[in-house]
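Asks:
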Amino acid sequence: MERTFVMVKPDGVQRGLVGEIIARLERKGLKLVGLKMVQVSEELARRHYAAHEGKPFFPGLIRFITSAPVVAMVWEGREAVNVVRNLMGPTDGAKAAPGTIRGDLANDIGFNLVHGSDSLESARQEIELWFRQDELIDWENHREAWLYD
Ligand code: DAT
Ligand code: MG
539 MERTFVMVKP DGVQRGLVGE IIARLERKGL KLVGLKMVQV SEELARRHYA AHEGKPFFPG
599 LIRFITSAPV VAMVWEGREA VNVVRNLMGP TDGAKAAPGT IRGDLANDIG FNLVHGSDSL
659 ESARQEIELW FRQDELIDWE NHREAWLYD
């Protein structure tokens with residue numbers, strides 16, 4: 539089973555969409571294995587978005603992600619990285635299809651509610667960056683007997 543890092547961004551927390559976003563991932567059958575609220579520091583923000591350093595939107599992105607609390611999570615399941623990316627939809631809410639989190643609930647490029655790791659390798663790095671090992675819970679989800687053949 540794969541694990542992926544998911545974050546409800548400050549706009550999602552402020553708009554009261556944490557439950558809505560978690561519900562969509564739960565209904566898909568993904569298993570929550572880590573969850574915490576974080577007031578993101580400038581240092582954590584810069585490390586998380588290091589791949590975007592130097593881009594014109596980088597300073598605004600750091601300002602946004604540190605402006606209010608986020609909810610950081612780790613979700614586990616079959617092809618979890620791709621499954622979450624598909625549930626989120628593409629970066630720009632205006633272009634995201636209905637049925638996706640961004641397509642249904644966002645209409646901006648920067649204020650797009652949610653982050654999800656874009657590859658297995660970035661998932662591994664982001665989980666390590668955001669969570670200590672003892673913050674991740676290995677638990678048996680009995681639903682899985684009816685989720686996976
Ligand atoms: P995603 O979050 O879909 O993986 P990304 O990794 O390309 O998108 O960019 C990270 C975040 O940076 C994205 O969620 C919003 C912001 N961003 C990306 N491109 C942008 C742009 N052209 N203008 C403003 N913000 C942008
Ligand atoms: Mg990305």
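Residue numbers for the sequence shown follow my numbering, beginning at 539 and rising by one.
In this text, a Cβ means the ideal position worked out from N, Cα and C, and glycines have one as well.
Find the nearest neighbour of Ala610 within the set Glu664, Ala589, Arg553 and Trp677, judged by alpha-carbon distance.
Replies: Checking every option, the nearest Cα to that of Ala610 belongs to Glu664.
Asks: Does the contact criterion of 3 or more C-beta pairs under 8 Å hold for the stretch 594-605 versus the stretch 557-573?
Replies: Flag = no, the stretch 594-605 and the stretch 557-573 do not touch.
Asks: Alpha carbon to alpha carbon, how far is Gly557 from Val608?
Replies: Each residue's Cα considered, the two are about 13 Å apart.
Asks: May I ask whether a heavy atom of the ligand MG can be found less than 7 Å away from the beta carbon of Asp687?
Replies: The answer is no for Asp687.
Asks: Inspect the beta-carbon positions of Leu667 and Glu540 and report whether they are closer than 8 Å.
Replies: Taking 8 Å as the Cβ cut-off, Leu667 and Glu540 do not qualify as a contacting pair.
Asks: Spell out the partners DSSP gives Lys547 in its beta bridges.
Replies: Lys547 is not bridged to any residue.
Asks: Do Ile675 and Val766 count as a contact pair if the criterion is CB distance below 8 Å?
Replies: In the structure as shown, the chain begins at 539 and stops at 687. Residue 766 is therefore absent and cannot be evaluated.
Asks: Can you give the Cα-Cα distance for Ala644 and Leu651, rounded to whole angstroms?
Replies: Those two C-alpha atoms are separated by around 7 Å.
Asks: Counting along the chain, where does the beta strand (DSSP E) carrying Trp613 start and finish?
Replies: Looking at the DSSP string, the run of the beta strand (DSSP E) that includes Trp613 is Val608 to Gly615.
Asks: Please classify Glu540: does DSSP put it in a helix, a strand, or coil?
Replies: In the structure shown, Glu540 sits in a strand (DSSP, three-state: E or B).
Asks: What does Met575 pair with, by DSSP beta-bridge criteria?
Replies: DSSP lists Val609 as partners of Met575.
Asks: Using DSSP bridges, identify the partner residues of Lys633.
Replies: In the DSSP output, where bridge partners are listed per residue, Lys633 has none listed.
Asks: Alpha carbon to alpha carbon, how far is Arg640 from Leu555?
Replies: One C-alpha to the other measures close to 11 Å.
Asks: Can you give me the C-alpha to C-alpha distance between Asn679 and Asp687, rounded to a whole angstrom?
Replies: Roughly 15 Å separates the two Cα atoms.
Asks: Please identify the residue among His586, Leu563, Lys633 and Gly550 whose C-alpha is closest to the C-alpha of Ala618.
Replies: For Ala618, the nearest C-alpha among the options comes from Leu563.
Asks: Following the continuous alpha helix (DSSP H) through Gly598, name the residue where it begins and the one where it ends.
Replies: Phe596 to Ile603 is the extent of the alpha helix (DSSP H) around Gly598.
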